[in-house]
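Chains as they are written, first to last, in the numbering used here: chain A, 43 to 239; chain B, 23 to 495.
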């Protein structure tokens, strides 16, 4: 996983709640068997509208998505995270994320930041008024900063440590091989096995 | 200390607990399908890692599979590649796979329970959000992303953040014609698409206890639509009876030991939930969605709401956008909304009881002119059972299309899709924009409402049909 320490970039204000995973990346894109090449599928249906915020010339190259509440609801497709990253986003800010989407984002180094809706509204107004304004998402300090705004955010120490260091979860877990083996040895015999009966 | 059902199952699976780390949980069953697994197998290959527990892993094909001409090569080359990739991966790593054409093939969340692989007190995961379905057995079951799929393949464990507990208590009798689907749609409308966020929901109360296993699966299936981590129902006699004799259910002494354990899987009387919701079953009626998220629903007897009536500005904006997308006018009675397509199927409502329920409504009737009705069994086993009962004939005689098993129009990854502007009454789980096809409009409904809607061409319940009283008597 790519490490995340701090990032500064221009923003895309997305004034929509419940941006579900079918909007972030429609199902027909999920037929791909790779982790890349999803950028053109990002918000595919909404991008058909030339006025959609992502299509605006002043938003090209922006890297911080500021979205409405309940971002990433719906499916468990990690493709939604890959699509955002493939497109160039480094961080997403919202007042509420769906659990699975959030878990997926943090495992891929896409920082999802939870801020109060009032702060999201302030960031919307700020970046709508001036698209050149940059937002800094500082994981080290657990802080989002933009002109006149300093907003602390929470992220548990363990998730933060893994992101800062770009650590691979599987390698970390495999260091606990002895614990896994000990647990396996104690599992009751009535637990089902998938082997053909 | 008194514990909830969810806490008991969690505690029984802790492999490692350390200060400042998430608990590492053992996973009893890992279900795979073609869409969310290819990149996970690639990861294993890149790192030279095997699948740790082949005996706790099983795969099937469902999302991409066609429901017509399944004996012919799959027309869409990208879908074909994805299915072939799963077959190649399962062969290379040694994973049991039920491919298209196999008698055990079907929607992954229908297949697990019908094989008896889903049992009380287990941890069950799958790269699919509707894994919450398996919570109906008192299992802790949740959807995971592809990185986690790889993690489980490699380690049979997952590091997991702690959850909060919510009780949704439904007491009383569900009125006639009100099903598990109506109940869960009403619950989601009440608590919202984010209402369950961070929670494992336990559904309890006398109305829940009276439900069949299949109805319980419908309820738990849609827990994710309320944003919940998982949904659970305590196992009881209904659960044990469903499991006994299934291919992977324990036998002999193992059965007795298992049942003894399963009986302990109840929330302690003095356990405290972080949040409680109480619902009076008798107050419910057939429920449908009018918007573009599953929380935007109302009783069928109601009208399309006016966005101006929503207090929360974000809800108001969402309702405005939803009505625009759905091409609905505030104040229109929902019963006057015309549909072109009816879909009966999916991991929510593609089981035999769902098909029986829909068939009982269309039996002896014809579906309305201009309406297309697709009936897609959740698995090959469900299809075979339906044929044995003559349900396929009932559907065909009514003018519906009887298809092969798969996810089908729930998400339109195969050719079963809505055309732009088409409107469906669908027994599936998501009414998101474009979910069933670009520009398609979805109303989520129960199998009974779906079938009645097919007959009238408008959102309807069986009670609206001519001669309904006679048929229901």
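C-beta: ideal position from N, C-alpha, C; glycine also.
Quick caveat, the model's predicted, so the values are computed rather than measured.
With 8 Å set as the bound, which would you pick, yes or no: does the beta-carbon of residue 227 of chain A sit closer than that to a beta-carbon of chain B?
-> no
Locate the alpha helix (DSSP H) running through residue 348 of chain B, then write down its first and last residues.
-> 335–348
When you compare only the Cα positions, how much space is there between residue 265 of chain B and residue 194 of chain B?
-> 26 Å
Every unbroken beta strand (DSSP E) inside the segment 36–92 of chain B [3 residues or more] = 36–38, 45–48, 51–54, 79–82
Measure from the C-beta of residue 140 of chain A to each C-beta in chain B and report whether the shortest distance is under 8 Å.
-> yes
Proximity to residue 260 of chain B [Cα-Cα], best of B:236, B:58, B:113 = B:236
Spatial neighbours of residue 452 of chain B in its chain, beta-carbon cut-off 6 Å, leaving aside the 5 residues before and after = none
Identify which residue in B:343, B:146, B:276, B:357 has its Cα closest to the Cα of residue 60 of chain A.
-> B:343
Quick one: list the residues of chain B neighbouring residue 65 of chain A, beta-carbon separation under 8 Å, in chain order.
-> 454, 455, 456
What are the partner residues of residue 193 of chain A, as DSSP defines its beta bridges?
-> A:186
Buried versus exposed call for residue 445 of chain B [16 or more other C-beta atoms within 10 Å across all chains shown] = buried
Consult DSSP for residue 319 of chain B and reduce its assignment to one of helix, strand or coil.
-> strand
Which residues in the same chain have their Cβ closer than 7 Å to the Cβ of residue 56 of chain A, if we skip the five residues on either side of it in sequence?
-> 95, 107, 108, 109, 110
Are residue 496 of chain B and residue 467 of chain B closer than 8 Å when you measure CB to CB?
-> It is not possible to answer for residue 496 of chain B, since the shown part of chain B is limited to 23 through 495.
Of the residues B:135, B:192, B:76, the one placed nearest residue 116 of chain B, counting alpha carbons only = B:76
What's the gap between the Cα of residue 450 of chain B and the Cα of residue 133 of chain B?
-> 17 Å
What are the boundary residues of the beta strand (DSSP E) that includes residue 226 of chain B?
-> 221–226
By DSSP, does residue 63 of chain A sit in helix, in strand, or in coil?
-> helix
Does residue 211 of chain A come within less than 8 Å of chain B when only Cβ atoms are used?
-> yes
Backbone secondary structure at residue 481 of chain B - three-state DSSP | coil
Using the Cα positions of residue 54 of chain A and residue 322 of chain B, report the straight-line distance between them to the nearest angstrom.
-> 39 Å
Cβ distance (whole Å) where residue 211 of chain B is taken to contact residue 319 of chain B below 8 Å = 4 Å
To which residues of the same chain is residue 356 of chain B closer than 7 Å at the C-beta, ignoring the five residues directly before and after it?
-> 310, 312, 320, 322, 324, 325, 326, 481
Quick one: is residue 182 of chain A near chain B, going by C-beta distance under 8 Å?
-> no
Given that a residue counts as buried once 16 or more other Cβ atoms are within 10 Å of its Cβ, and exposed if not, what is residue 218 of chain A?
-> buried
In chain order, what residues of the same chain have a beta carbon less than 8 Å from the beta carbon of residue 290 of chain B, not counting five sequence neighbours either side?
-> 24, 25, 26
Sequence-distant residues of its chain with Cβ nearer than 8 Å to residue 167 of chain B (five each side left out) = 58, 149
Check whether the segment 93–106 of chain B touches the segment 204–220 of chain B, counting contact only when three or more Cβ pairs, one atom from each stretch, lie closer than 8 Å.
-> no
Is the segment 140–156 of chain A in contact with the segment 118–125 of chain A, if contact means three or more CB pairs nearer than 8 Å?
-> yes
Please check if any C-beta of chain B sits within less than 8 Å of the C-beta of residue 69 of chain A.
-> yes
Thinking just about the alpha-carbon of each residue, which of B:409, B:78, B:416, B:47 is nearest to the one in residue 237 of chain A?
-> B:78
Beta bridge counterpart(s) of residue 302 of chain B as assigned by DSSP | B:193
Under 9 Å from the C-beta of residue 83 of chain B: neighbouring residues of chain A = Residues of chain A passing the Cβ test: none, with the nearest at roughly 13 Å.
For residue 445 of chain B: DSSP bridge partner residues | B:463
Would you call the segment 330–340 of chain B and the segment 421–429 of chain B in contact, with 3 or more CB pairs under 8 Å?
-> no
Simplified DSSP state of residue 134 of chain B, which is helix, strand or coil = helix
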